[in-house]
Each structure stands twice: as C-alpha cells, then as structure tokens.
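Below: one structure, written as structure tokens.
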Amino acid sequence: MNGQQRMASGFPEGFLWGTATAAYQIEGAHTEDGKGESIWDRFTHTPGTIERGETGDVAADHYHRWQDDLDLMSRLNLNAYRFSVAWPRILPDGYGRVNEAGLDFYSRLVDGMLARGIEPFLTLYHWDLPQALQDRGGWANRDTAKAFADLAATAARRLGDRVSHWITLNEPGVASVLGHVTGEHAPGAHEPGLILPVSHHLLVSHGMATQAIRAESPRPMSVGITLNTGVVEPASDREDDVVAARLFEGVWQSMFLEALYRKAYPDEILTVLQMIGGSADVILPGDMELIATPTDFLGVNYYTRMIIRAGAGSTPLPEIVTPGGPLTEMGWEVYPQGLRDLLIRVSATYKPGVMYVTENGAAYPDMLNERGEVADPDRLRYLERHFLAAREAIQAGVPLKGYFVWSFMDNFEWAKGYRPRFGVVYTDFPTQRRIVKESGRFLAEIAATNGAALGEE
Ligand code: IFM
Numbered sequence: 018m019n020g021q022q023r024m025a026s027g028f029p030e031g032f033l034w035g036t037a038t039a040a041y042q043i044e045g046a047h048t049e050d051g052k053g054e055s056i057w058d059r060f061t062h063t064p065g066t067i068e069r070g071e072t073g074d075v076a077a078d079h080y081h082r083w084q085d086d087l088d089l090m091s092r093l094n095l096n097a098y099r100f101s102v103a104w105p106r107i108l109p110d111g112y113g114r115v116n117e118a119g120l121d122f123y124s125r126l127v128d129g130m131l132a133r134g135i136e137p138f139l140t141l142y143h144w145d146l147p148q149a150l151q152d153r154g155g156w157a158n159r160d161t162a163k164a165f166a167d168l169a170a171t172a173a174r175r176l177g178d179r180v181s182h183w184i185t186l187n188e189p190g191v192a193s194v195l196g197h198v199t200g201e202h203a204p205g206a207h208e209p210g211l212i213l214p215v216s217h218h219l220l221v222s223h224g225m226a227t228q229a230i231r232a233e234s235p236r237p238m239s240v241g242i243t244l245n246t247g248v249v250e251p252a253s254d255r256e257d258d259v260v261a262a263r264l265f266e267g268v269w270q271s272m273f274l275e276a277l278y279r280k281a282y283p284d285e286i287l288t289v290l291q292m293i294g295g296s297a298d299v300i301l302p303g304d305m306e307l308i309a310t311p312t313d314f315l316g317v318n319y320y321t322r323m324i325i326r327a328g329a330g331s332t333p334l335p336e337i338v339t340p341g342g343p344l345t346e347m348g349w350e351v352y353p354q355g356l357r358d359l360l361i362r363v364s365a366t367y368k369p370g371v372m373y374v375t376e377n378g379a380a381y382p383d384m385l386n387e388r389g390e391v392a393d394p395d396r397l398r399y400l401e402r403h404f405l406a407a408r409e410a411i412q413a414g415v416p417l418k419g420y421f422v423w424s425f426m427d428n429f430e431w432a433k434g435y436r437p438r439f440g441v442v443y444t445d446f447p448t449q450r451r452i453v454k455e456s457g458r459f460l461a462e463i464a465a466t467n468g469a470a471l472g473e474e
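Heads up: take any position in the sequence shown, counting from 1, add 17, and you land on our numbering.
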C-alpha cells in the first residue's frame with residue numbers, strides 16, 4: 018500500500034482489521050485437557066434448549082485446528098483477532114485451582130498470532146460461566162464478580178507480557194436479558210427480577226477485572242469492555258411505544274454506558290427494575306466508582322436497528338417489531354446508517370478515548386457450490402455498507418481504531434445452533450474444511466489496502 022492509498026482510504030494509519038469469535042462458539046473440546054463444565058455445556062445438553070438439539074461439543078474444532086485458522090487469517094491480510102478464553106478451561110471450578118493445560122492453550126494461541134503479525138484482543142467473558150459458579154447463584158451472586166477478578170488476574174499474569182488489548186466482558190446486556198429473562202440463553206432463567214442483580218454484578222466484575230489486569234500485567238495494558246449496542250426506535254409516536262423503546266434501550270444498553278461513564282444508573286431504569294422484582298440492595302457503597310474505573314477503549318457490537326412497541330399483558334415487556342426492509346437470516350434489518358449514527362452519538366456523549374467495532378456482520382444461508390466456492394453477495398454488500406458507515410463516523414471525528422467482523426468462520430450461533438452462518442470463511446462442519454467466502458476475499462482486499470478499496474455509497 019502506498020502513502021496515497023493510506024491517505025485516500027479514510028481510515029487512519031495503523032487501523033486494525035480483524036475478525037471476532039468466542040470460545041464456546043468455535044473451540045469444541047468441551048471436556049478436553051482438564052476443562053470444567055460451563056453453563057453452556059449444561060444448557061446445550063438440556064433437551065429443548067437449542068434448535069435441532071445441537072451443542073458446542075465440537076463446534077468448529079478450533080481447539081485442534083487453531084494453527085490452520087491463524088494461517089488463514091494471515092492469508093486474509095488480517096492484522097488483529099478478537100477471541101475469548103473459556104473461563105472453565107482456565108479455572109475449572111470458577112476460581113482457585115488453575116488448569117495449566119488450559120492456560121497453555123491460550124499461550125500457544127497468542128504466540129501463534131504474534132508470530133503472524135496478528136494483534137490479539139482477548140475477551141475474558143463471552144458467556145461461558147463455569148457451571149460450578151452457576152450452582153452458587155451465578156451472576157446473581159456477588160461472589161461471581163470476585164471469581165471473575167481471579168480469572169482476570171490469572172490470565173493477565175500468564176499472558177500480560179504478550180497480550181496488550183483486554184476486553185473484560187462481551188455484551189453484558191445480552192447475558193443479563195437473554196440468560197435471565199427470556200431464557201433463550203444459558204442459564205435459561207425466566208426471572209425479570211434478576212436483571213438488576215445480574216447486570217450490576219457483571220458491571221462490578223468489569224471494574225474488579227480492569228483493576229486486576231492492571232495490577233498483574235507486567236506493562237501498561239489497554240483495557241476496555243464490549244457492549245451490545247444498536248439503534249433503538251419506537252414503533253410509533255404513541256406514548257406507550259415511546260416509553261417501551263426508552264426502557265428497552267435503557268436495560269439493553271444505556272444503563273451500562275451510564276454506569277461506566279457517569280457512575281449512575283438512569284433513575285427511570287432503576288425504578289422499573291425494582292418494580293419488576295430487583296432489589297437495589299445489591300448496589301453497595303463504592304460500587305459505582307468501581308464500575309467507572311477508567312478504561313482505555315470502548316468496544317461496540319453493532320448489527321441492526323431495533324424497533325420497539327409496548328407489549329400487551331399485565332406486566333408488559335417491550336416487543337421487538339420485525340421491520341419490512343431487507344433482513345438477514347436472523348430477521349435483523351440491514352441498517353448501516355445506524356452504525357454511523359451510533360458511533361457518533363456514543364463518542365459525543367461518553368467520549369471514550371478510543372473505540373473499536375468489536376463485532377459487526379450478518380448471517381445468510383450460504384451454500385457451497387459445485388465448484389467448491391461460496392458466493393455470498395449479500396454479506397459482502399452488508400460489510401461494504403457498514404465499512405462505509407464507519408468511515409463516515411471517522412470523518413466526523415469518532416476515534417475509531419479498528420473493526421472486527423463477526424465472524425471469522427461459521428460457528429455455533431447459541432440457541433439457533435449451526436444454521437445461521439456468520440463467517441467470512443465457510444465451515445463445512447462434517448469435514449471441518451474451511452472455505453473462504455467471497456466476502457472473505459473482499460475483507461482481505463479491504464484489510465490489505467486499509468479501506469482504500471472501498472467505493473462510495
Ligand atoms: O454470535 C453472537 C456473538 O456471540 C455475540 N454477538 C452477536 C453474535 C451474533 O448473534
């Protein structure tokens with residue numbers, strides 16, 4: 018790439034282009050080398066929880082194929098990779114006893130990235146809580162936050178000499194709501210009263226882990242958190258829809274942003290969470306300062322716009338309306354301008370020093386054709402339009418320093434099993450063969466030119 022391309026691309030020099038994955042969704046090897054049971058191991062083995070009864074027992078077998086996977090990332094010109102560690106692979110009981118074989122795996126993985134010029138972004142929690150901790154109340158129990166600090170310290174001591182970018186939590190809002198209210202995710206609870214204690218303890222755990230990483234790392238680290246963010250709009254200007262959208266947005270994302278950057282939960286959200294059974298007694302003196310421990314960056318995961326209307330019934334939960342526009346296989350609207358608007362709004366409101374798009378991508382029903390190729394023009398166009406939106410945000414002054422496409426390869430999409438394919442690399446699950454999709458070749462070109470290969474909208 019020449020200097021002119023660097024200037025022309027609209028992305029700053031040194032911009033990171035990567036993909037993102039999560040341990041449970043790709044690793045497999047669910048009982049191997051001393052790994053403990055996670056809530057997702059337990060949940061997927063519970064009949065009726067996952068489409069077609071699928072599990073992450075084998076997933077994309079990345080635990081055994083990681084070297085080939087890193088080689089492929091390198092061939093796609095990617096200079097960063099966001100991955101997560103499986104907590105019970107490192108601490109099988111949740112805290113205390115360390116499984117050295119588990120830590121060794123991540124140590125080799127990190128070395129493999131660095132050897133290929135790929136910057137590791139390590140996520141400590143992408144939802145696979147040790148079952149041993151769930152048995153003691155999971156995130157509703159404050160002790161889980163202390164155990165998480167133990168994981169952070171253990172990982173930082175061993176990997177902090179080589180990993181410079183740490184993400185404490187992935188999408189705490191999803192872990193809270195889908196795991197404890199809708200029951201769609203592990204641990205599968207249906208208790209709205211848990212939103213407050215679970216969300217609060219997740220945030221406390223983030224503060225504790227941030228401090229633990231800094232205390233244990235042998236050199237200065239970049240530490241941040243990844244939030245689920247999207248554009249939330251009311252289905253109509255009727256008062257109940259407007260309130261429903263505001264509450265949804267609050268519980269889904271702004272209570273996290275407000276706590277992290279302004280040391281307080283919005284009053285309205287706190288009141289509603291108490292009305293539905295949460296006790297504010299979980300908020301101890303000093304907690305809000307702990308949660309707001311300064312971080313170095315904010316990661317945003319952006320997929321779609323959510324249109325909300327007031328639900329029916331005596332304790333109505335807000336409902337997501339399916340919009341009419343083009344949808345991905347998840348039923349999510351393709352809404353790229355939302356990424357630009359979100360980046361600009363969050364940057365202006367909370368002023369994080371650095372931002373990353375830590376996930377963005379789309380599921381489509383990909384097919385391997387008779388030539389052994391996967392044409393995925395919809396995903397390619399989805400990515401292109403979102404890259405353009407990110408470029409506009411940068412031009413508007415957003416300190417965006419990197420972009421991670423979800424996902425590197427097709428993997429286990431939680432309650433939906435293996436049907437939704439999010440990868441830019443196709444996983445042929447029966448053989449575990451990887452086939453680069455058309456969108457993967459596109460991403461490789463964007464990464465090689467630092468975005469100069471992008472056209473105009
Ligand atoms: O697969 C998930 C990921 O684990 C978290 N963010 C959204 C992705 C797509 O649903």
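Even for Gly, the Cβ is constructed at its ideal location relative to N, Cα and C.
Source: prediction; values computed, not measured.
Which residues DSSP lists as bridging residue i, in chain order
i	result
Y373	G316, G419
I286	Per DSSP, none; premise fails for I286.
Y443	I452
M292	BP columns for M292 are empty, so no partner.
V338	I324
Y142	L186
L344	E350
Y98	T36, P137
Chain-order list of residues whose beta-carbon lies under 6 Å from that of residue i (same chain, five-residue window excluded)
i	result
A461	L93, N94
T38	F100, S424, F425
P15	Nothing in the structure corresponds to residue 15, since the chain is present only between 18 and 474.
K454	V391, D393, V441, Y443
D58	H47
D50	A118
A229	A166, A169, A170
N19	No answer about N19 holds up, because its pLDDT of 44 lies below 50 and its placement is not dependable.
T345	A379, A380
L211	A157, H197
A77	I43, M426, N428, T444
Spatial neighbours of residue i in its chain, beta-carbon cut-off 7 Å, leaving aside the 5 residues before and after
i	result
I361	A410, A413, V415
W83	L126, G129
P204	I56, F60, Q151, G155, G196
A11	This structure does not reach residue 11, given that the chain is present from 18 up to 474, and the question cannot be answered.
E188	T243, L244, N245, N318
M24	Annotation note: pLDDT 41 at M24 (below 50); position unreliable, no value reported.
Contact test: residue i Cβ vs ligand 1 heavy atom, cutoff 7 Å
i	result
W423	yes
W431	yes
E201	no
E376	yes
Q42	yes
E188	yes
F439	yes
H6	Look at the range of the chain in this structure, 18 to 474, and you will see that residue 6 is not part of it.
N386	no
A39	yes
H79	no
R403	First, the residue type needs correcting, since residue 403 is His and not Arg in the sequence shown. Not under cutoff, so the answer is no.
N96	no
H218	no
H143	yes
N467	no
N158	no
N116	no
Sequence-distant residues of the same chain with beta carbon closer than 8 Å to residue i, five excluded per side
i	result
A309	G224, A276, L277, Y278, R279, K280
E136	L33, G35, N96, A97, Y98, M130, S181, H182
I420	Note that residue 420 is Tyr in the sequence shown here, rather than Ile. Contacts found: F32, L33, W34, G35, Y373, V374, N377, F404, A407.
V221	R159, A162, D304, L307, I308
E208	H197, V198, G294
P335	A261, A262, L264, F265, I325, R326, A327, G328
Any C-beta of chain C under 8 Å from that of residue i
i	result
T63	Of the chains in the structure shown, none is chain C; there is only one protein chain.
Note to self: Check whether the stretch 170-182 and the stretch 230-240 touch, using three or more Cβ-Cβ pairs below 8 Å as the test.
What the structure shows: Taking a cut-off of 8 Å for Cβ pairs, the stretch 170-182 and the stretch 230-240 touch, as three or more such pairs fall below it.
Margin query: Using 8 Å as the cut-off, can you tell me whether the stretch 384-402 makes contact with the stretch 293-310, which would need three or more C-beta pairs spanning the two stretches below that distance?
Written below: With a cut-off of 8 Å on Cβ pairs, the stretch 384-402 is not in contact with the stretch 293-310, counting fewer than three such pairs.
Check: Any chance the stretch 67-75 sits against the stretch 212-223, with 3 or more Cβ pairs inside 8 Å?
Finding: Segments in contact, no.
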